Amino acid sequence: MTFRKRLVMILAIALCAGGLYAAGRLGMTVHQKEEAEPVEESLFGHRETLYLWYADETLTDYLNSMAVSYSEYQDSVRVVPVYTQGLEYLETINQASIQTKEGPDLYLVSNDSLEKAYLAGLACEVQLPEGALSMEEELPQTAVRAVTYHDKQIGYPYYFETSCLLYNRTYLEDWARAQIMSERDQALAEDAQEQAESGDVEEEIKEAAEEAEITQEELSAKMEEALPETIDEIQALADVYDAPEQVEAVFKWDVSDIFYNYFVVGSCIDVGGTDGDNADSIHIYNEDAIRALRVYQNLNQFFSIDTKEISYDGVLQDFLDGKIVYTVATSDALSRLQKAKEDGDFAYEYGVSRVPDVSGELRSASLSVTQCLAINGYSAKKEMANEFAVYLTQHATDELYSRTGKLPVHRDKTYEDPNAAAFLLEYENSVPMPKMIETSNFWVEMEIAFAKIWEGADANNVLKALSEQIMGQVTGEAYTEEYIDVPVPVKETQEEETEGEEAQE
Numbered sequence: 011m012t013f014r015k016r017l018v019m020i021l022a023i024a025l026c027a028g029g030l031y032a033a034g035r036l037g038m039t040v041h042q043k044e045e046a047e048p049v050e051e052s053l054f055g056h057r058e059t060l061y062l063w064y065a066d067e068t069l070t071d072y073l074n075s076m077a078v079s080y081s082e083y084q085d086s087v088r089v090v091p092v093y094t095q096g097l098e099y100l101e102t103i104n105q106a107s108i109q110t111k112e113g114p115d116l117y118l119v120s121n122d123s124l125e126k127a128y129l130a131g132l133a134c135e136v137q138l139p140e141g142a143l144s145m146e147e148e149l150p151q152t153a154v155r156a157v158t159y160h161d162k163q164i165g166y167p168y169y170f171e172t173s174c175l176l177y178n179r180t181y182l183e184d185w186a187r188a189q190i191m192s193e194r195d196q197a198l199a200e201d202a203q204e205q206a207e208s209g210d211v212e213e214e215i216k217e218a219a220e221e222a223e224i225t226q227e228e229l230s231a232k233m234e235e236a237l238p239e240t241i242d243e244i245q246a247l248a249d250v251y252d253a254p255e256q257v258e259a260v261f262k263w264d265v266s267d268i269f270y271n272y273f274v275v276g277s278c279i280d281v282g283g284t285d286g287d288n289a290d291s292i293h294i295y296n297e298d299a300i301r302a303l304r305v306y307q308n309l310n311q312f313f314s315i316d317t318k319e320i321s322y323d324g325v326l327q328d329f330l331d332g333k334i335v336y337t338v339a340t341s342d343a344l345s346r347l348q349k350a351k352e353d354g355d356f357a358y359e360y361g362v363s364r365v366p367d368v369s370g371e372l373r374s375a376s377l378s379v380t381q382c383l384a385i386n387g388y389s390a391k392k393e394m395a396n397e398f399a400v401y402l403t404q405h406a407t408d409e410l411y412s413r414t415g416k417l418p419v420h421r422d423k424t425y426e427d428p429n430a431a432a433f434l435l436e437y438e439n440s441v442p443m444p445k446m447i448e449t450s451n452f453w454v455e456m457e458i459a460f461a462k463i464w465e466g467a468d469a470n471n472v473l474k475a476l477s478e479q480i481m482g483q484v485t486g487e488a489y490t491e492e493y494i495d496v497p498v499p500v501k502e503t504q505e506e507e508t509e510g511e512e513a514q515e
């Protein structure tokens with residue numbers, strides 16, 4: 011499912027959240043009663059059944075195999091994975107929980123929907139089994155924050171999605187070799203000029219340069235220079251890079267999707283505080299965010315990407331075709347690139363690193379979504395569901411990535427792959443999507459704001475208007491931000507004036 015479709019799902023769920031809450035409370039008394047557990051007769055005796063619901067069809071084979079694996083580990087329990095479609099996922103769970111005996115005992119849900127689920131009685135505080143390491147000791151803090159709601163852990167983080175910088179390693183290695191040879195030639199020429207006036211020495215120097223091998227250490231060190239720490243460094247490389255004929259852009263990404271843009275303001279904007287659940291901690295309109303968005307806007311002048319023509323799939327295909335050196339990608343790119351290499355459709359080596367900082371002063375932070383296992387508050391088998399959730403998320407993740415392409419939050423052998431490890435590092439420094447119902451449309455509105463700024467609208471005014479809209483939703487009344495006067499840097503002003511003069515000529 012694309013991020014845009016998932017945003018539509020969030021909005022749909024938000025609209026029915028009030029109904030969920032009321033319906034959930036009405037039905038709770040029924041499910042709080044201690045009833046006889048349904049059991050299954052088999053050759054192995056009685057088995058109690060757990061229903062696990064999920065909404066991503068790519069997990070089907072994997073979850074079915076994990077259910078079989080768990081039945082061997084715990085032979086008194088049978089787990090039945092149930093694939094459930096539809097935009098109103100939580101609504102369907104709610105109806106099944108209060109109207110049937112086959113509602114889920116636990117289910118997969120994204121962390122930004124946990125407040126809705128908790129208030130509807132569909133998620134409850136989880137309890138780690140006795141003797142188990144706490145989540146804080148075992149998992150990245152981002153994963154813990156993703157499932158924390160008002161100091162309660164209301165789910166088990168399972169796998170995540172975030173964005174990283176994807177680069178064509180073949181191109182950068184070729185660039186590094188060329189740079190090393192150029193530097194050697196220059197150094198040897200200078201030595202020759204100092205040492206002798208004879209042409210024989212110059213010939214010896216030339217032969218020595220041709221025969222000297224480039225060591226792996228030299229190549230690795232020069233490659234590090236090509237991996238940008240800031241957006242300015244990408245622009246600097248683009249200015250001097252002698253690109254192969256097929257390269258159409260040094261840096262290109264889907265500027266129409268907030269998931270690939272948010273790193274620009276991720277460290278500047280606060281929506282919900284540390285755990286994304288605090289309506290009193292919303293800080294959208296501020297000086298650093300304005301400066302960051304101005305840097306973003308200037309990138310359009312440098313890289314010229316049309317928001318109406320761009321798409322993530324199109325960008326990734328361009329990368330596969332060798333037309334791009336750098337892009338911003340989500341972890342699904344790893345499995346797609348691997349398959350393309352196996353099929354002979356990708357003739358290059360590639361690598362992944364953290365997204366570059368906006369500048370030397372402004373840090374970047376990607377957006378992340380964590381898929382969690384929530385224990386249904388209406389289930390009469392919460393303890394049993396809890397034990398399976400721990401098994402699935404902490405003790406049975408070694409094959410999750412290889413079989414589904416999903417990156418587990420639990421650090422396991424998956425991260426022996428340096429490219430997967432780069433995504434984990436980015437995730438550890440990312441901003442989890444907040445859980446608050448009042449701000450569920452923030453991402454759609456932020457995406458619109460990014461589009462306006464990319465096309466030339468004043469970053470200060472657009473961000474101020476966005477903040478006033480979101481704060482109005484949270485406070486329930488009209489809200490006005492005090493204007494922040496952030497002068498445009500002299501360099502930007504001079505460039506704009508030069509461009510204006512050239513246009514008039």
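The numbers in the sequence shown follow my numbering, run straight up by one, and end at 515. Glycine included, C-beta positions come from ideal geometry on N, C-alpha and C. As the structure is a prediction and not an experimental result, all values here were calculated from the model.
Following the DSSP letters along the chain, one finds tyrosine 99 inside the alpha helix (DSSP H) bounded by residues 99-109. Non-local beta-carbon contacts of serine 86 in its own chain, meaning distances under 8 Å to residues more than five positions away in sequence, involve Gly55, His56, Arg57 and Glu58 in chain order. With fewer than three CB-CB distances shorter than 8 Å, the region 477-489 does not count as touching the region 149-166. In the three-state scheme derived from DSSP, where H, G and I count as helix and E and B as strand, lysine 391 is classed as coil. Taking the Cα of alanine 431 as reference, the smallest distance to any Cα among Pro442, Lys445, Val154 and Lys416 is reached at Lys416.
Where proline 91 is concerned, the enclosing beta strand (DSSP E) starts and stops at 87-93. The shortest CA-to-CA distance from aspartate 280 to any of Ser369, Tyr166 and Glu297 is the one to Glu297. Note on histidine 420: 16 or more other CB atoms within 10 angstroms of its CB, so buried under the neighbour-count rule. Within 10 angstroms of the beta-carbon of glutamate 101 lie 16 or more other beta-carbons, which makes it buried.
Sequence-distant partners of alanine 395 (beyond 5 residues in either direction) whose C-beta falls short of 8 Å from its own C-beta, in its chain, are Leu60, Asp115, Leu116, Ile385, Asn386 and Ser389. Around the CB of glutamine 137, fewer than 16 other CB atoms lie within 10 Å, so the residue is classed as exposed. Between the C-alpha atoms of alanine 299 and isoleucine 494 there is a straight-line separation of about 11 Å.
Cβ contact annotation for alanine 375 (same chain, cutoff 7 Å, sequence separation greater than five): Phe273, Gly276, Ser277, Asn439, Ser440 and Val441, in chain order.
Spatial neighbours of aspartate 331 in its own chain (CB-CB distance under 8 Å, excluding positions within 5 residues in sequence) are listed in chain order as Gln256.
In the DSSP assignment, glycine 482 falls within the alpha helix (DSSP H) that extends over 469-485.
CA-CA distance, glutamate 393 to cysteine 134, rounds to 11 Å.
Where glycine 324 is concerned, the enclosing alpha helix (DSSP H) starts and stops at 322-330. The Cβ neighbour count for valine 472, taken over all protein chains shown within 10 Å, is at least 16; the residue is labelled buried.
In this chain, the alpha helix (DSSP H) harbouring threonine 70 covers 70-83.
One thing to note: alanine 130 has its Cβ no nearer than 8 Å to the Cβ of glutamine 95. Cβ neighbours of threonine 240 within its own chain (closer than 8 Å, five residues either side excluded): Pro366, Asp367, Val368, Ser369 and Gly370. Sixteen is the threshold: when 16 or more other Cβ atoms of the shown chains lie within 10 Å of the Cβ of valine 265, as they do, the residue is buried. In the same chain as phenylalanine 460, and ignoring 5 residues on each side of it, the C-beta atoms closer than 7 Å to its own belong to Ile268 and Asn271, in chain order. Isoleucine 294 sits away from glycine 282, with the two beta carbons spaced by 8 Å or more.
Threonine 485 and proline 418 have their C-alpha atoms roughly 37 Å apart.
Looking at the backbone, the Cα of leucine 198 and that of isoleucine 190 are separated by about 12 Å. The bridge partners DSSP lists for glycine 361 are Tyr177. DSSP places serine 412 within a helical segment (H, G or I) once states are collapsed to three. Bridge pairing for alanine 259: Ile334 [DSSP].
Leucine 377 and phenylalanine 433 have their C-alpha atoms some 12 Å from each other. Distances from the CA of valine 379 to each of Asp122, Gln109 and Leu344 were compared; the closest alpha carbon is that of Asp122.
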